[in-house]
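Protein chains in written order, with the working numbering: chain A, 155 to 434; chain B, 29 to 343.
Ideal placement from N, C-alpha and C gives every residue a C-beta, glycine not left out.
These figures come from a predicted structure and were not determined experimentally.
Since the structure comes first, as structure tokens, the remarks are kept for the end.
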């Protein structure tokens, strides 16, 4: 080929590469991987938050490190549009993550308080929202209603609505919002924890509708992706644009909480919202 | 009149007809030829318009001469009274709101407007709303709920605006709130996709009891250009992306996402706007009639059960 395609700008890698040591994306420090993992993927030197998967959040938040029961974990994606490469991409994502879909939900305890927890995993097609994702969120809300439990969602959904399921993905924005409404009608708490990155259709539906919206530090959060904005306005975006701290300053987040403090913060907030031990 | 690439053969014949008409005077032979050409033009239009591929549909949905919200406001409604502003930041001309009357029905209207002339397009931001546009919509939709008026929305947008100000003012939050409000209200909502249904920016005003689309309208989670650049890193493959996304009114009807398709005159709404308006009005009235003396709880529940079903999963 005569012309080589210009390499697309990739954001700095937040995932943990293979090997014994990891170089911190932010401060460059060589970190012993086991130490980093013990610190829930937060750089001990500069507090940089690496992107974490569902296993990390389960260990971080749940008392027993796992769910006492899962919700709708049998659901699997179909390919309603017969979309190019979708089936293969699903299989590949399943094989590499060991997950069936980008979202999981279950019942567990946080500081002895029983909650429904909804988690998404960026490794699985960018944590994008397709029919199964939307359905699991909705059923998680129904479980919360039936058991009188609060719901906490932790999202890392850079893809927003999943393109491969076309209009069906878009409709999940309404379904998940309906789920939040179920909780609102019952006066049950919904706390939305947004992590790097939560964008597009996820940010423009349930993830923005928590009684409290909390972010991890430095997460990319917003509606349109930075590249799309730059192409539209033909300008470079200022540093920190669409990051957690920016969003809080603009009035769209209640607080930015470091990963290591997330669990204690959630326990405190659930207490303020009237969640009692042994409620269900 | 603007002609799309695949409409060129029609343009050629029309030029020929116009030329012959100019010189025909009372020459019967020439008039015979004109009639013949006119018949050929109709056949050609049928051949082209009844066999459109998905990307051609996208182009018609975005056709610069296609009737927009403002055109339909004047041709379908009477006594339109515009309502401005979100009472917080400003007035977004990309979304037009107001009270309107269609036959015997008084409604609250929300519609996206792309603009016609260059100046108007800039004023309307090419139909790409900012958060204040959605917040204006939320406000008037709540107004409709309070006073028991049905809501009619016209969807026609490339998408919510991707810009600095839009992000700073909470584009995502505004769309989420708009969806939530449309779920909360207890009056009927009729959604008409008149042209381009661009993702979340369209959905924000498209949570309806009835969702209907014009024959050449599209509705998609992402633009074909955006899809192509993600999928193949090549935005010129939008034709393939349009096929993959299955975004035409006919696809959506087959998926059960939309309830009805409003026919358009042959060659698209822009070819005969008055005919298009008549059809649109007919379907709008027909759908509003379904909700005469509606029960507040029932219309809300109906909307919820409708959206509860959307999605395809393997249990």
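Go ahead and pull the three-state DSSP assignment for residue 434 (chain A).
With a pLDDT of only 46 at residue 434 (chain A), under the threshold of 50, the placement of this residue in the model should not be trusted; the figure read from the coordinates follows. It is coil, neither helix nor strand.
Of all the options A:411, A:299 and A:261, which has the alpha carbon lying nearest to the alpha carbon of residue 221 (chain A)?
When only C-alpha atoms are compared, the closest one is A:261.
If we ignore side chains and look at the alpha-carbon of each, how far apart do residue 329 (chain B) and residue 206 (chain B) end up?
Answer to the nearest angstrom: the Cα atoms are 18 Å apart.
Does residue 237 (chain B) come out as helix, strand or coil in the three-state DSSP assignment?
Residue state, collapsed to three classes: coil.
Could you pull out every unbroken alpha helix (DSSP H) segment of at least 4 residues lying fully inside the region 120 to 167 of chain B, listed in chain order?
The region 120 to 167 of chain B contains these whole alpha helix (DSSP H) runs: 146 to 151.
Between residue 327 (chain B) and the rest of its own chain, which residues show a CB-CB distance below 7 Å, the 5 nearest in sequence each way excluded?
Cβ within range, chain order: 214, 215, 216, 237 and 319.
Using 8 Å for Cβ pairs, my map puts residue 182 (chain B) next to residue 139 (chain B). What's the rounded Cβ distance?
Indeed, because the Cβ distance is near 4 Å, the residues count as touching under 8 Å.
Is there a Cβ from chain B that is less than 7 Å from the Cβ of residue 232 (chain A)?
Answer yes: the Cβ-Cβ gap between residue 232 (chain A) and chain B drops below 7 Å somewhere.
Where do the N-terminal and C-terminal ends of the beta strand (DSSP E) with residue 186 (chain A) fall, by residue?
Its beta strand (DSSP E) spans residues 184 to 186.
Helix, strand or coil, according to DSSP, for residue 418 (chain A) in the structure here?
Helix at residue 418 (chain A).
With a threshold of 8 Å on Cβ separation, who are the neighbours of residue 93 (chain B) within its own chain once the five nearest residues in sequence on each side are excluded?
29, 30 and 298, listed in sequence order.
From the DSSP output, which residues share a beta bridge with residue 251 (chain B)?
Partner(s): none; residue 251 (chain B) has no beta bridge.
So, helix, strand or coil for residue 225 (chain A), using DSSP?
Residue 225 (chain A): coil per DSSP, three-state reduction.
Who pairs with residue 318 (chain A) in a beta bridge, going by DSSP?
For residue 318 (chain A), which the question treats as bridged, DSSP gives no partner whatsoever.
Sort B:131, B:122, B:144 and B:243 by Cα distance to residue 158 (chain B) and report the nearest one.
With distances taken between Cα atoms, residue 158 (chain B) lies closest to B:122.
Using a Cβ-Cβ distance under 7 Å, would residue 382 (chain A) count as near chain B?
With 7 Å as the cut-off, residue 382 (chain A) counts as an interface residue toward chain B.
Any C-beta of chain A sitting closer than 7 Å to the C-beta of residue 195 (chain B)?
Residue 195 (chain B) counts as touching chain A.
Note down the Cα distance separating residue 206 (chain A) from residue 180 (chain A), rounded to an integer number of angstroms.
C-alpha separation (whole angstroms): 16 Å.
On the three-state DSSP scale, how would you describe residue 111 (chain B)?
The answer is strand: DSSP assigns residue 111 (chain B) an E or B state.
Can you list, in chain order, the residues of its chain whose CB lies under 6 Å from that of residue 156 (chain A), leaving out five sequence neighbours each side?
With a pLDDT of only 46 at residue 156 (chain A), under the threshold of 50, the placement of this residue in the model should not be trusted; the figure read from the coordinates follows. Nothing listed; no residue qualifies.
By how many angstroms is the C-alpha of residue 85 (chain B) removed from the C-alpha of residue 277 (chain A)?
Residue 277 (chain A) and residue 85 (chain B): Cα-Cα distance of roughly 35 Å.
Taking residue 242 (chain A) as part of the alpha helix (DSSP H), name the residues at either end of that continuous run.
That run of the alpha helix (DSSP H) goes 240 to 251.
Considering only residues of the same chain and omitting the five flanking positions on each side of residue 37 (chain B), which have a CB-CB separation below 7 Å?
Once the five neighbours on either side are set aside, the close Cβ partners of residue 37 (chain B) are 72.
Residue 238 (chain A) and residue 272 (chain B): beta carbons closer than 7 Å?
Yes; because the gap between Cβ atoms is below 7 Å, this pair is in contact.
Just grab the DSSP bridge partners of residue 409 (chain A) for me.
Answer is A:368, bridged to residue 409 (chain A).
For residue 314 (chain B), which residues in the same chain have their Cβ closer than 8 Å to its Cβ, ignoring the five residues on either side in sequence?
Correct list: empty, nothing qualifies.
Any beta carbon from chain B within less than 7 Å of residue 257 (chain A)'s own beta carbon?
Closer than 7 Å: no.
If you run the structure through DSSP and keep just helix, strand and coil, what is residue 219 (chain B)?
Residue 219 (chain B) falls in the strand class under three-state DSSP.
I'd like the list of long-range same chain contacts for residue 209 (chain B), defined as Cβ closer than 7 Å, with 5 residues on each side in sequence excluded.
These residues qualify, in order along the chain: 166, 169 and 170.
Helix, strand or coil for residue 289 (chain A)? Go by DSSP, reduced to three states.
Three-state DSSP puts residue 289 (chain A) in a helix.
List the residues of chain B that residue 243 (chain A) touches, going by C-beta distances under 8 Å, in chain order.
Simply none; closest approach about 10 Å.
Give me the Cα-Cα distance between residue 137 (chain B) and residue 219 (chain B), rounded to the nearest whole angstrom.
Roughly 10 Å separates the two Cα atoms.
Quick one: grab the DSSP three-state call for residue 288 (chain B).
Here residue 288 (chain B) sits in strand by DSSP.
Should residue 293 (chain A) and residue 345 (chain A) be called a contact, given that it needs their Cβ atoms to be closer than 7 Å?
In this structure, residue 345 (chain A) does not lie closer than 7 Å to residue 293 (chain A) by Cβ.
Taking residue 45 (chain B) as the reference, which of B:55, B:54 and B:64 has the closest Cα?
Of B:55, B:54 and B:64, the residue nearest in Cα terms is B:64.
Quick one: does residue 179 (chain B) have its CB under 7 Å from some CB of chain A?
Judged by the 7 Å Cβ criterion, residue 179 (chain B) is not in contact with chain A.
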